[in-house]
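**Q** Residue numbers (the working numbering), protein chains in the order written: chain P, 13 to 205; chain L, 13 to 205.
All C-beta atoms, glycine included, are put in the ideal place defined by N, C-alpha and C.
Note that the structure is predicted; figures quoted are calculated from it, not measured.
Below is a structure I'd like to ask you about.
2 protein chains.
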Amino acid sequence: MYEQLAKSIGEKVALTAAEFDLCKTFFIPKKIRKKQTLLLEGDVCTYNAFIEKGILRSYTTDAKGNEHIIQFAFEGWWITDLSSFLMGENSTYTIEAIEDSELLLLTAAAREELMNALPVFERYQRLLLENAYIALQARVNSALTATAEEKYTKLTIAYPDIVARVPQHMIASYLGLTPETLSRVRKQITLRK
Amino acid sequence: MYEQLAKSIGEKVALTAAEFDLCKTFFIPKKIRKKQTLLLEGDVCTYNAFIEKGILRSYTTDAKGNEHIIQFAFEGWWITDLSSFLMGENSTYTIEAIEDSELLLLTAAAREELMNALPVFERYQRLLLENAYIALQARVNSALTATAEEKYTKLTIAYPDIVARVPQHMIASYLGLTPETLSRVRKQITLRK
DNA sequence: AAATAAAATTGATTTAGATCAATGGCATTT
DNA sequence: AAATGCCATTGATCTAAATCAATTTTATTT
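This is the structure in structure tokens:
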């Protein structure tokens with residue numbers, strides 16, 4: 013149940029077996045079924061979730077009821093509404109499982125304690141944030157610069173997992189396109205080959 | 013010369029006067045004039061820059077030669093190409109002063125040393141990253157969700173400084189709009205009042 | 001396996017914002 | 001203070017992607 017977490021931490025910092033055993037005690041394991049929500053818009057996001065197995069997504073809903081996907085998260089990634097999680101504000105996001113998933117949950121208090129108990133865990137969190145920030149900035153750049161087709165092509169290169177495992181209409185939402193436009197873009201690409 | 017830095021760190025963590033004196037020694041002060049660059053596209057970004065005074069921007073240039081502004085940074089903020097700074101890759105960004113500015117530069121090596129010498133500095137960096145990540149995610153959401161007018165209105169509310177101090181065509185670039193569209197959006201808003 | 005619902009595709013039409021083009025208004029520079 | 005170049009505005013036209021609508025395909029549920 014903690015394999016992915018051990019791997020993720022191990023890729024960033026060094027942790028002894030005893031330290032990792034301590035680390036584990038701060039997490040709450042949770043299974044969640046497809047289409048179930050971990051966080052509902054309007055609620056306070058009480059957990060930072062690490063994904064051992066499965067896929068989740070976070071999304072906002074606009075005035076017309078359209079969903080806009082903010083993030084996908086796979087095995088070995090984290091997902092939360094950071095703003096709500098840290099500041100205790102009501103969330104504007106919903107977090108939902110795309111597949112049956114296994115999570116390791118960390119409350120804000122547990123996270124603080126864990127960072128104090130194991131300073132390398134704070135370093136691990138910082139390194140994760142750095143990568144997440146870089147990835148998000150690339151996404152902003154793509155949103156400012158790219159055409160519909162370029163956005164999709166970049167995604168297939170940067171995140172083939174997303175394209176392989178996530179329904180197409182969700183990919184469209186993530187890219188800021190309608191499902192119809194993404195369908196046509198894909199057709200254009202295959203016709204050209 | 014270090015007032016803004018003291019303030020920024022002090023808002024996030026506690027640091028004694030002696031610790032702050034030590035902290036200062038890791039930075040390289042630098043003045044930069046309007047339109048001068050701190051980083052040129054294609055070079056490695058060797059500094060993380062803290063802004064004591066002035067405004068900088070980072071931007072990419074697309075195939076047609078259009079600039080797309082990734083970030084503005086004012087007094088008390090940081091700017092760098094994090095990807096290039098951390099990984100040593102050639103940057104796709106240019107970082108340029110919008111006004112005559114005073115900077116405090118941190119190399120990647122100095123940053124590592126400083127975090128090891130003063131663990132609270134690592135905490136400070138993490139807290140900054142958390143805020144930056146939240147702000148960037150809000151920007152992604154706005155890019156996915158909002159019309160031209162909504163994007164501009166949100167910006168005036170969230171960052172009145174940007175609207176007050178940055179030329180309009182740069183604001184357009186930051187929002188992913190043409191200068192013409194932003195001009196028309198602004199006209200609509202004033203006509204309606 | 002049939003029934004139902006959800007997702008993807010395809011076509012026709014619309015539209016928000018881009019592009020092209022010209023003019024007037026500010027700032028720097030000399 | 002004149003001159004030069006950049007910036008913002010306004011108008012006319014174009015276009016990429018959205019919207020509306022219908023059909024086919026693929027998943028779920030019973």
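What is the DSSP secondary structure of Arg-135 of chain P, reduced to helix, strand or coil?
**A** Walking along the first sequence from the start, residue 135 of chain P turns up at place 123. Residue state, collapsed to three classes: helix.
**Q** Buried or exposed, going by whether 16 or more other CB atoms sit within 10 Å of the CB of Asp-173 of chain P?
**A** Position 161 of the first sequence, counted from the start, is the residue given in the question as residue 173 of chain P. So Asp-173 of chain P ends up on the exposed side.
**Q** For Asp-55 of chain P, collect the residues of the same chain with a Cβ closer than 7 Å to its Cβ; drop the 5 residues on either side in sequence, then sort them by chain order.
**A** Locating residue 55 of chain P in the first sequence gives position 43, where the first residue counts as 1. Excluding residues within five positions, the ones whose Cβ falls inside 7 Å are Asn-102 and Ser-103.
**Q** Helix, strand or coil for Val-175 of chain L per DSSP?
**A** Counting from 1 along the second sequence, the entry for residue 175 of chain L is found at position 163. In this structure, Val-175 of chain L counts as helix in the three-state DSSP scheme.
**Q** According to the neighbour-count rule (16 or more other Cβ atoms, all chains shown, within 10 Å of its Cβ), is Ala-29 of chain P buried or exposed?
**A** The residue given as residue 29 of chain P occupies position 17 in the first sequence. Exposed: under 16 other Cβ atoms inside 10 Å.
**Q** Give the residues of chain L in contact with Leu-94 of chain P, contact being defined as C-beta atoms less than 8 Å apart.
**A** Start at 1 with the first residue of the first sequence, and residue 94 of chain P comes out as number 82. Counting only Cβ-Cβ distances below 8 Å, Leu-94 of chain P has contacts in chain L at Glu-142, Tyr-145, Ile-146 and Gln-149, in chain order.
**Q** Nearer than 7 Å: is that true of the beta carbon of Val-175 of chain P relative to any heavy atom of the ligand SAM?
**A** Only the bare structure without any ligand can be found here, which leaves the ligand SAM out of the picture.
**Q** Under DSSP, the beta strand (DSSP E) around Ile-67 of chain L begins and ends at which residues?
**A** In the second sequence, residue 67 of chain L corresponds to position 55, counting from 1. In the DSSP assignment, Ile-67 of chain L falls outside any beta strand (DSSP E), carrying neither H nor E.
**Q** Report the option in L:Lys-36, L:Arg-69 and L:Tyr-186 whose CA atom is closest to the CA atom of Leu-51 of chain L.
**A** As a first step, residue 51 of chain L must be located in the second sequence, where it is residue number 39. Here the closest residue by C-alpha is L:Arg-69.
**Q** What span of residues does the beta strand (DSSP E) with Ser-113 of chain L cover, start to end?
**A** Counting from one through the second sequence, the residue named residue 113 of chain L turns up at place 101. Segment 113 to 119, the beta strand (DSSP E) holding Ser-113 of chain L.
**Q** Answer with yes or no whether the minimum CB distance from Gln-137 of chain P to chain L is below 8 Å.
**A** In the first sequence, counting from the first residue as 1, residue 137 of chain P sits at position 125. Interface residue, yes.
**Q** Suppose the cutoff is 6 Å on Cβ atoms and the five residues either side in sequence are ignored; what does the same chain contact list for Lys-46 of chain L look like?
**A** Sequence index remark: in the second sequence, residue 46 of chain L carries index 34 (1-based). Answer for Lys-46 of chain L: Ala-109, Glu-111 and Asp-112, listed in chain order.
**Q** Beta-carbon of His-181 of chain L versus every beta-carbon of chain P: anything under 8 Å?
**A** Residue 181 of chain L sits at position 169 when you count from the first residue of the second sequence. Not an interface residue.
**Q** Residues in the region 180 to 202 of chain L with C-beta within 7 Å of chain P's C-beta atoms, listed in sequence order?
**A** Gly-188
**Q** With a cut-off of 8 Å on the beta carbons, I'd call Val-197 of chain P and Glu-161 of chain P a contact; round off their distance for me.
**A** Looking up residue 197 of chain P in the first sequence gives position 185. Looking up residue 161 of chain P in the first sequence gives position 149. Rounded, the Cβ-Cβ distance is 5 Å, consistent with contact.
**Q** Going straight from the alpha carbon of Gly-188 of chain L to that of His-80 of chain L, what length do you get?
**A** In the second sequence, the residue the question calls residue 188 of chain L occupies position 176. In the second sequence, the residue the question calls residue 80 of chain L occupies position 68. Rounded to the nearest angstrom, the two C-alpha atoms are 7 Å apart.
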